[in-house]
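Everything below concerns the one structure shown next.
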Amino acid sequence: MIETVGFDRPQGRYAAEVDCTGMTLMPGLIDAHFHAFATEVDTAKCEKFPRTYEAQRARLNLEAALRRGFTTVRDVGGGDHGTWLAAEQGLFPSPRFFFCGRAFSQTGGHGDGRAPHEAHDLCGCAPTGVLSDLIDGVDGLRKAAREALRQGAHHLKIFMSGGISTPSDPIWYLQFSDDEIMAVVDEAARRGCYVAAHAYTADSIARAVAFGVRSIEHGNLIDAETAHKVANAGAFIVPTLVTYEAFHRYGSESGAADSTLEKLSDVRERGLEAIRLCKSAGVRLGFGTDLLGSLHYLQREEFILRSKVEAPVDVLKSATSINAAILNMDGKLGVIAPGAFADMVLIDGNPLTDISLLGVESRAILQIWSRGRQIV
14 MIETVGFDRP
24 QGRYAAEVDC
34 TGMTLMPGLI
44 DAHFHAFATE
54 VDTAKCEKFP
64 RTYEAQRARL
74 NLEAALRRGF
84 TTVRDVGGGD
94 HGTWLAAEQG
104 LFPSPRFFFC
114 GRAFSQTGGH
124 GDGRAPHEAH
134 DLCGCAPTGV
144 LSDLIDGVDG
154 LRKAAREALR
164 QGAHHLKIFM
174 SGGISTPSDP
184 IWYLQFSDDE
194 IMAVVDEAAR
204 RGCYVAAHAY
214 TADSIARAVA
224 FGVRSIEHGN
234 LIDAETAHKV
244 ANAGAFIVPT
254 LVTYEAFHRY
264 GSESGAADST
274 LEKLSDVRER
284 GLEAIRLCKS
294 AGVRLGFGTD
304 LLGSLHYLQR
314 EEFILRSKVE
324 APVDVLKSAT
334 SINAAILNMD
344 GKLGVIAPGA
354 FADMVLIDGN
364 PLTDISLLGV
374 ESRAILQIWS
384 RGRQIV
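Each residue of the sequence shown is one higher than the one before, counting from 14 in my numbering.
See below:
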């Protein structure tokens, strides 16, 4: 915890002084769309390994994220109470970990990894998978939401449009009925948390905010009218440009499924325009990456992509104070202020004038502080 911020030098037996001349001290970075358990680029392959093995690979993803300067991540499908508990107890070096458990998908929705020709028992990923569960009906969703919340979930996640990483759901597919969506939102609200929704299209985003969804993931195919609806509802959008760029550059060689690569252009080409529309409408934009498997190392490339349409200060706010607001951690995360957690990065130079200091190949992050301790 940060005790004070001021011009006086600290006193005391354990006080230490760090010369930061020419450097920038800033809050630790926050990734609000992270999948620790997405250990394969083709996520269907994750289902073929024991959960104990996947937990160890997830641990490596979290350790690597911390060493990139991400002192907090929000896991939006896969992470669980056990991962959170191990991170909190310091059993391994990890960012602060906010989780939802497994995301909720309808049968045939974005969380259903079966190809059209596959029967239920051939896939091994349904109805309970590593990243999501297949759940249908109001009663089923209420029970699943209550169970996730019982296990300490910080938010709930549902799929409300098609996606690129599953073979059977078109991008435009509106998923879950109105009553099903409202049931999940109601359960979250009564527990004092919120719902995040995977949604690409304007129709799916408009539905989401109309029913009280607070955090829209991706949002690539939004239009101006819907952007204003999001802003008026006080909701957030978390763009994830880097995952599409990663698939475009390296997807084929990294083992991405053919169906993923075929759908990629539908969303990749609209990502920057979506950000422009949201900025114009006053939407609060978070910062996420949604990287999978071996592509996690590109996490900081999101800064470079976002800087094509945003000023560095706005991108940095997305990855700090705005993401803290999404997590309901205003004043605790994303700021350097009295009472905030001591999660910080020290950068050689000023990212407000040179965002490339946070690029993938940059060595400008000199120190990383997590939970008050220097880990790099």
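For glycine and all other residues, C-beta sits at the position ideal for the given N, C-alpha and C.
Remember, predicted model here, so these are calculated numbers, not experimental data.
For Asp327, the closest C-alpha among the options Ile368, Leu147, Ala353, Leu304 is that of Ile368. When the beta-carbon positions are compared, Gly232 and His46 stay at least 8 Å from each other. Counting along the chain, the unbroken alpha helix (DSSP H) around Lys276 starts and ends at 271 to 281. The Cβ atoms of Ala215 and Asp236 sit closer than 8 Å to each other. Contact between the stretch 288 to 303 and the stretch 15 to 35 is absent: fewer than 3 CB-CB pairs across the two stretches fall below 8 Å.
Taking the Cα of Phe117 as reference, the smallest distance to any Cα among Phe83, Ala248, Gly153, Thr256 is reached at Gly153.
Contact between Gly90 and Lys156 is absent: CB atoms are separated by about 19 Å, not below the 8 Å threshold.
With contacts defined by Cβ atoms closer than 8 Å, Glu67 and Pro106 do not form a contacting pair. Scanning Pro325, Tyr27, Tyr213 for the CA closest to the CA of Arg281 turns up Tyr213.
The stretch 262 to 276 and the stretch 316 to 330 do not touch, with fewer than 3 CB-CB distances between them shorter than 8 Å. Excluding sequence positions up to five before and after Ile381, its CB lies within less than 6 Å of the CB of Gly82, Val358, Ile388, Val389, all in the same chain and listed in chain order.
For Asn233, the enclosing beta strand (DSSP E) has its first and last residue at 228 to 234. The secondary-structure analysis by DSSP pairs Val208 across a beta bridge with Leu169. The alpha-carbon of Ala99 is positioned some 44 Å away from that of Glu238. Looking only at Ser181, Ser375, Lys292, Phe110, the smallest Cα-Cα distance to Ala128 is reached by Ser181.
A check of alpha carbon separations from Ala78 across Arg64, Gly385, His48 identifies His48 as the nearest.
Residue pairing from DSSP leaves Asp191 without any beta-bridge partner.
Note on geometry: alpha-carbon atoms of Gln312 and Thr253 lie some 10 Å from one another. Assignment of Val251 by DSSP, reduced to helix, strand and coil, places it in the strand class. The secondary-structure analysis by DSSP pairs Gln387 across a beta bridge with Trp382. Checking the DSSP bridge columns, you'll see Asp361 partnered with Met36.
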